[in-house]
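Working notes, beginning with the structure itself.
Numbering (our numbering), first residue to last: -13 to 353.
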């Protein structure tokens, strides 16, 4: 039933025009066209991996896992829309699998997890397709890690990294999680919201100087010189522009704050410890996303922290009662609707307005 439920939105993503999402003409249409000219995957993969350029309209360097997906699709069709469909379908499928995994030991609602995915990540997946797929796989991997199934975590961590190499960030996330659990770092979750606001302010005002320092060091140390441009200070977003990235975590931490005020006794135990871990991930996400004020490379790693908000929201709602549960649910709906609307209205990543010649022809022929 879950796979059937995600088919309509996967189809919508699949039949969209190739002008929806800037990345489509970076590595979907172009790499797929190249795959059609090869009969051997390894030859195709080697060709893609040796590409050094990054031009719109030409094949570009992508990871082997993604290359395998493109090559397999090219075996049964010459239409690149199928690549778009499978990228979206697999992204949503892994979110569902992760939701089921987390619900096994947290008893959260998989429906709320999927709702969060649609609110925050669905439109973004029209553009940063590989990274969104890698993030969804990593969420499942972290479900296994938190459950203590380390071998399965490692398997899915590797798979995610073969879709998008930035998923190696998941190793750092895992180390932070394991270290925090072993050190038994616990705190009053009431402080989460003030800490989140403080993280935004500190990153906004002090982070710029930190990046300038790192850039200076990288520029003057020979073996680091290749990384200096990753820390360039650039004209990026205004504060109103980054609200779309900050709202989900900020509202979640606000909901935690309100719940702790309204509910005198919150259930303790393993779910409380996991909630603390998810709060830490949300604060890291706020830090990385705030960097968008003066940088546009490093903040992309925020996805590997913000994905945990999909689990924090349902867990928070489950652990709330009465007015606190209503407030948490209300803030969840507001946050999801705001992000979805804002992403579409600002046309972030050229994802709007939605258009599909395939859909238009179908409707015209149907009439």
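Every residue gets a Cβ at the ideal spot worked out from N, C-alpha and C, and that includes glycine.
Start and end residues, alpha helix (DSSP H) containing residue i
i: residue 112; result: Element bounds for residue 112: n/a, residue is neither H nor E.
i: residue 322; result: 308 to 332
i: residue 177; result: From DSSP, residue 177 is part of no alpha helix (DSSP H); its letter is neither H nor E.
i: residue 245; result: 225 to 248
i: residue 274; result: 256 to 276
i: residue 0; result: -7 to 0
i: residue 17; result: 15 to 21
i: residue 103; result: 96 to 106
i: residue 146; result: 136 to 147
i: residue 285; result: Unbroken run through residue 285: none, as it is neither H nor E.
i: residue 296; result: 295 to 304
Best match in the options for proximity to residue i [C-alpha to C-alpha]
i: residue 294; options: 283, 126, 27; result: 126
i: residue 95; options: 113, 327, 301; result: 301
i: residue 261; options: 83, 54, 93, 35; result: 93
i: residue 219; options: 123, 280, 284, 144; result: 280
i: residue 256; options: 193, 285, 133; result: 133
i: residue 139; options: 98, 175, 184, 87; result: 87
i: residue 291; options: 273, 239, 306, 79; result: 273
i: residue 285; options: 242, 318, 190, 299; result: 190
i: residue 326; options: 101, 158, 54, 282; result: 101
i: residue 67; options: 157, 333, 10, -6; result: 10
i: residue 53; options: 84, 318, 259, 145; result: 145
i: residue 344; options: 176, 180, 123, 65; result: 65
i: residue 193; options: 268, 181, 275; result: 275
i: residue 114; options: 242, 47, 150, 346; result: 150
i: residue 179; options: 310, 268, -8; result: 268
i: residue 97; options: 8, -11, 148, -2; result: -11
i: residue 69; options: 37, 106, 135, -2; result: -2
i: residue 305; options: 249, 62, 123, 296; result: 249
i: residue 122; options: 195, 228, 147; result: 147
i: residue -8; options: 315, 236, 103; result: 103
i: residue 259; options: 308, 315, 166, 307; result: 166
i: residue 175; options: 44, 238, 72, 226; result: 238
i: residue 129; options: 111, 116, 163; result: 163
i: residue 99; options: 83, 40, -4; result: 83
i: residue 74; options: 35, 107, 246, 222; result: 107
i: residue 225; options: 278, 119, 263; result: 278
i: residue 310; options: 29, 242, 335; result: 242
i: residue 287; options: 120, 181, 27; result: 120
i: residue 28; options: 265, 39, 57, 271; result: 57
i: residue 328; options: 110, 24, 348; result: 110
i: residue 20; options: 61, 8, -4; result: 61
i: residue 89; options: 335, 348, 312, 299; result: 299
i: residue 55; options: 296, 323, 18, 348; result: 18
i: residue 297; options: 324, 266, 34; result: 266
i: residue 244; options: 271, 323, 24, 313; result: 313
i: residue 222; options: 263, 283, 131; result: 283
i: residue 23; options: 38, 42, 63; result: 63
i: residue 79; options: 91, 124, 289; result: 124
i: residue 317; options: 330, 270, 236, 336; result: 236
i: residue 118; options: 76, 159, 321, 319; result: 76
Any non-hydrogen atom of the ligand COA within 7 Å of residue i CB
i: residue 43; result: Ligands are entirely absent from the displayed structure, and the ligand COA is therefore not among its contents.
C-beta neighbour in chain B for residue i, strict 8 Å
i: residue 300; result: The structure shown contains no chain B; it holds only a single protein chain.
Taking only runs of the alpha helix (DSSP H) that begin and end inside the segment 26 to 86, which ones reach a length of at least 4 residues, in chain order?
-> 27 to 35, 50 to 60
With contact counted as at least three CB pairs below 8 Å, one residue from each stretch, are the segment 228 to 243 and the segment 192 to 202 in contact?
-> no
Evaluate the contact criterion for the segment 334 to 345 versus the segment 1 to 9: three or more CB pairs, one atom per stretch, below 8 Å.
-> yes
For the segment 152 to 159 and the segment 173 to 192, state whether three or more C-beta atom pairs, one from each stretch, are separated by less than 8 Å.
-> no
Can at least three beta-carbon pairs, one atom from the segment 8 to 25 and one from the segment 37 to 56, be found at a separation below 8 Å?
-> yes
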